[in-house]
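Trainee: To start, I am sharing the structure in question, which I have written as structure tokens.
There are 2 protein chains.
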Amino acid sequence: MELTNTILQLFPKLNEAVSKDGINILKHSQQITIPEGTTIFHQGDQCLNYLLVIAGSVKVFTRAENGREIVLYHISSGGSCVLTTSCLISSEDYPAEGVTETDVVALAIPKPVFEQYMGESKAFRKQVFHSYGDRLIKLITLVEEISFAKLDIRLAKYLLENGSVNTPIRTTHQALATELGSAREVISRQLKEFENKGWVLLNRGKIEITNHDALANLLAH
Amino acid sequence: MELTNTILQLFPKLNEAVSKDGINILKHSQQITIPEGTTIFHQGDQCLNYLLVIAGSVKVFTRAENGREIVLYHISSGGSCVLTTSCLISSEDYPAEGVTETDVVALAIPKPVFEQYMGESKAFRKQVFHSYGDRLIKLITLVEEISFAKLDIRLAKYLLENGSVNTPIRTTHQALATELGSAREVISRQLKEFENKGWVLLNRGKIEITNHDALANLLAH
DNA sequence: AAGCTTTAAGTGACATTGTCACTTAAAAAT
DNA sequence: ATTTTTAAGTGACAATGTCACTTAAAGCTT
């Protein structure tokens, strides 16, 4: 089956779980498609599946009382949702919300099957732990960046990671503010400065990089 | 043995692992004592044990290039070190450092024993996962606080959690800044404001709360 | 096509927090 | 009783966040 290969390519550790431990990933799990903009979990939700993202992307973020948001991380193909995984094991309230940014194809492994695999396959456990470790590192890195890095650096980094001279970034200043945990006005000001220096070209909903090296130079410190 | 009872009280899930799954926690693990101020891990360290903290406290923090630090979390009795746990499974570089804040008594479970327990005992897995989930939540909450909460609120919260009208807090402004991810001068200014309002009394290395309710009222928003 | 409506972005004044280059003062060490 | 170390204070300034708006572009609506 085509899907099997895709999955095993995306999740190399599962490959081992299948070949060494005889885990039949597909037998007791279900492929699901979730349309863009769907909230897949929020605070206090119960969770009944272990989710492996095959295609598309999920945005995980928190919201403050005053409405400000900050993106914690994205789950893209090859990633799994550790928050719902935690939920599977110790059922606590998670202070975050997950929304699909695009149509998402995922493999849903039901809780009892997940638990069985955890007991049977060392490779499966490794896969699960690996995603945990990954998230932990990403979150720690995020704390570090928020606390220490200046906004112009973080913004330049984002621009370089999400666009190039030929491929403009299609996003709003508001979305960027959420992504970086800042405020729209601050992002607008900073982008305007970049534009004045001739590093980017701004249009409603679109940012074009016009001087890659200058932006990269900011990061070089 | 006295120690067994202490451990099983601190880690209720392990209790189950012992009684239901016949795991002999003490047989293949070692009780260790680590003096105050010891670095138990930093970036890139290899880790050979799963650590359960029985007594004392470990501070986990990151350091920026310019020397500024922020405390990510503390591990106290009943906690385990998930960063080293991650390290046990997927060996990546962790962007954090762990230092004992007091003398620490810990149970060290060697990597092979840890892996065996993970395969054998559902309760043991639960214990491990539970600490992971906990950390994840704490880190997300930290991101939220750093991003959204004002410093006076966070400072007041810290003061109330770590002292009372009768028990002064023994710490420096610098340590407080690290704890909250701010700068010493900022903490000093804010504390001085609290003092001017008659909410605290400041002395070198000591902060006394003189008006609990006023501080608590700040939190109530 | 001209006018509404919605959404994105700009603006200036101001508050909060962080940085820098110091000074002052308390505690510890010799 | 000095010196040395460590903690805290200070003022000027820079960076970021907040507020209450305005302006402008893009999508609808008839």
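Chains A and B are the protein sequences, given in the same order. Every letter in the first sequence is one number past the one before it in this note's numbering, and letter 111, counting from 1, is 111. Every letter in the second sequence is one number past the one before it in this note's numbering, and letter 122, counting from 1, is 1122. All C-beta atoms in this analysis are idealised placements derived from N, C-alpha and C, irrespective of residue type, glycine included. Because the structure is a prediction, the values reported are computed rather than measured.
#1: A/Gln127: buried (16+ other C-beta within 10 angstroms of its C-beta) or exposed?
#2: Is there contact here, the segment 1080–1087 of chain B with the segment 197–204 of chain A, by at least three beta-carbon pairs under 8 Å?
#3: Residues bridged to A/Tyr50 by DSSP?
#4: Kindly list, in the order they appear in chain B, the residues whose Cβ is closer than 9 Å to that of A/Ser86.
#5: In terms of residue numbering, what span does the alpha helix (DSSP H) encompassing B/Gln1030 cover?
#6: Taking 7 Å as the limit between beta carbons, can you name the residues of its chain near A/Thr222, skipping five residues before and five after?
#7: Mapping DSSP to helix, strand and coil, what is B/Val1165?
#8: Apart from the five residues on each side of it in sequence, which residues of its chain come closer than 6 Å, Cβ to Cβ, to B/Ser1121?
#9: Anyone know if the C-beta pair for A/Ser57 and A/Thr100 falls short of 9 Å?
#10: Between A/Ile153, A/Gln116, A/Ala96, A/Phe194, which lies nearest to A/Thr39 when the distance is taken from Cα to Cα?
#11: B/Phe1148 CB to nearest chain A CB: under 9 Å?
#12: Hey, how far is the Cα of A/Val186 from the Cα of A/Arg154?
#13: Is the CB of A/Leu72 under 9 Å away from at least one CB in chain B?
#14: Given a threshold of 16 other Cβ atoms within 10 Å of its Cβ, counted over all protein chains shown, does B/Arg1135 qualify as buried or as exposed?
#15: Quick check: the segment 1066–1074 of chain B against the segment 1023–1038 of chain B, are there 3 or more CB pairs under 8 Å?
#16: Closer than 9 Å by beta-carbon distance: list the chain A residues that pair up with B/Lys1122, in chain order.
#17: Quick one: which residues of the segment 38–59 of chain A get their C-beta closer than 9 Å to a C-beta of chain B? List them in chain order.
#18: What are the boundary residues of the alpha helix (DSSP H) that B/Thr1178 is part of?
#19: Using 8 Å for Cβ pairs, my map puts B/Ile1140 next to A/Thr62. What's the rounded Cβ distance?
#20: With B/Gly1098 as the anchor, note down where its beta strand (DSSP E) starts and where it stops.
#21: List the residues of chain A whose Cβ lies closer than 9 Å to the Cβ of B/Ala1064, in chain order.
#22: Residue range of the beta strand (DSSP E) that A/Glu208 falls in?
#23: What does B/Ala1096 reach in chain A if we use C-beta pairs closer than 7 Å?
#24: What residue range does the beta strand (DSSP E) around B/Asn1203 cover?
#25: When we look at the beta-carbon of B/Gly1037 and count the other beta-carbons within 10 Å, is it buried (16 or more) or exposed?
#26: Taking the straight line between their C-alpha atoms, what separation do you get for A/Arg189 and A/Val60?
#27: For the segment 1171–1202 of chain B, which residues have a beta carbon sitting closer than 8 Å to at least one beta carbon of chain A?
#28: For B/Val1082, return the contacting residues in chain A, with the cut-off set at a CB-CB distance below 9 Å.
#29: With a threshold of 7 Å on Cβ separation, who are the neighbours of A/His42 within its own chain once the five nearest residues in sequence on each side are excluded?
#30: Could you give the DSSP three-state label for A/Ile158: helix, strand or coil?
#31: Sorted by chain position, which residues of the same chain lie with C-beta nearer than 7 Å to B/Gly1181's C-beta, five sequence neighbours on each side aside?
#32: In terms of alpha-carbon separation, which member of B/Lys1027, B/Leu1218, B/His1212 lies closest to B/Phe1114?
#33: From what residue to what residue does the beta strand (DSSP E) around B/Ser1121 run?
#34: Could you pull out every residue in the same chain whose Cβ sits closer than 7 Å to the Cβ of A/Ile54, ignoring the five residues on either side in sequence?
#35: Less than 9 Å separating the beta-carbons of B/Leu1159 and B/Ile1209?
Mentor: Quick answer:
#1: buried
#2: no
#3: A/Ile109
#4: Phe1129, His1130, Tyr1132, Gly1133, Asp1134, Leu1136, Ile1137
#5: Unbroken run through B/Gln1030 is the beta strand (DSSP E), 1030–1034; no alpha helix (DSSP H).
#6: The structure shown does not extend to residue 222 of chain A, since chain A is modelled only from 1 through 221, so no value can be given for it.
#7: coil
#8: Ala1017, Asp1021, Ile1023
#9: yes
#10: A/Ala96
#11: yes
#12: 13 Å
#13: yes
#14: buried
#15: no
#16: Glu115, Met118, Gly119
#17: none
#18: 1173–1180
#19: 6 Å
#20: 1097–1100
#21: Glu144, Ser147, Phe148, Ala149
#22: 206–209
#23: Ile140
#24: 1200–1203
#25: exposed
#26: 26 Å
#27: Gly1181
#28: Tyr132, Gly133, Leu136
#29: Glu97
#30: For the sequence presented, residue 158 of chain A should be read as Tyr rather than Ile. Three-state result, A/Tyr158: helix.
#31: Ile1070, Ile1146
#32: B/Lys1027
#33: Careful: B/Ser1121 lies outside any beta strand (DSSP E) and carries neither H nor E.
#34: Thr6, Ile7, Leu10, Ser77, Val105, Ala106, Leu107
#35: yes
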